[in-house]
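Residue 88 in this note's numbering sits at position 56 of the sequence shown; the count goes up by one each step and never skips. Below you'll find the structure, written out as structure tokens, and then a few comments.
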Amino acid sequence: MSVQSSSKTSITQRFDSYQPSKTLLVWACVVTAIATMIIGFSWGGWVTGGTSTKAAVAAGDVARGELASAICVERFNAAPDASAKLIEFKAITEGYKQRQFVEAGGWATMPGQTSPDSRSVQACATALAV
């Protein structure tokens, strides 16, 4: 038992008396910083400014398209001959012809624009087809 207790004491004493060099401390900090960045960008959900800008622009485009689609559907339904136009629209089987029908009707053209956005036309035609 005396051998084990003396070896435990010597390990503890050696650990307590250990003083790392400045070089070792600097390298430990560098490795820790690099590991933190790798983990943060890989699994932590961190992104760069460029990536977040692209995501914000894409989210804005999607939201704008959804809003334009909702306005298009509302305009279509507010038209005086909406029920007849809806029957005519649903009689069209090809998707591109449905989009052309919506474009020709002018419901997808937003105020201040001269032509409708293709995504809003597609979303409007999809919503009307349901």
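Every residue, glycine too, gets a C-beta built ideally from N, C-alpha and C. Please read these numbers as outputs of a predicted model, since none were measured by experiment.
Residue i versus residue j: straight-line alpha-carbon distance, rounded
i, j, result
"Gly97", "Gln130", "17 Å"
"Met33", "Tyr50", "Its pLDDT being 49, under 50, Met33 is placed unreliably by the model, and nothing is read from it."
"Ala60", "Gly92", "43 Å"
"Asp48", "Leu56", "17 Å"
"Gly81", "Thr64", "23 Å"
"Pro52", "Ile70", "26 Å"
"Thr146", "Thr83", "32 Å"
"Gly144", "Ala155", "20 Å"
"Ile43", "Val58", "25 Å"
"Arg46", "Ala67", "28 Å"
"Gly138", "Arg151", "15 Å"
"Ile124", "Ser74", "48 Å"
Close Cβ partners of residue i (< 7 Å) along its chain, the five nearest in sequence each way excluded
i, result
"Val153", "Arg131, Val134, Glu135, Ala140"
"Gly76", "none"
"Asp149", "Gly97, Ala100"
Distance CB(residue i)-CB(residue j) smaller than 8 Å
i, j, result
"Ala90", "Met142", "no"
"Lys122", "Ala161", "yes"
"Ala111", "Lys117", "yes"
"Phe108", "Ala102", "no"
"Ala159", "Val94", "no"
Residues near residue i in its chain [Cβ-Cβ closer than 6 Å; skip 5 each side]
i, result
"Trp78", "Gly72"
Residue i: CB within 7 Å of a non-hydrogen atom of the ligand SAH
i, result
"Lys122", "Annotation note on the ligand SAH: not contained in the displayed structure, which lists no ligands."
8 Å CB neighbourhood of residue i in its chain, flanking five on each side removed
i, result
"Glu120", "Phe133"
"Ala87", "Val79"
Alpha helix (DSSP H) runs wholly inside the segment 60-136, at least 4 long, in chain order: 81-110, 114-123
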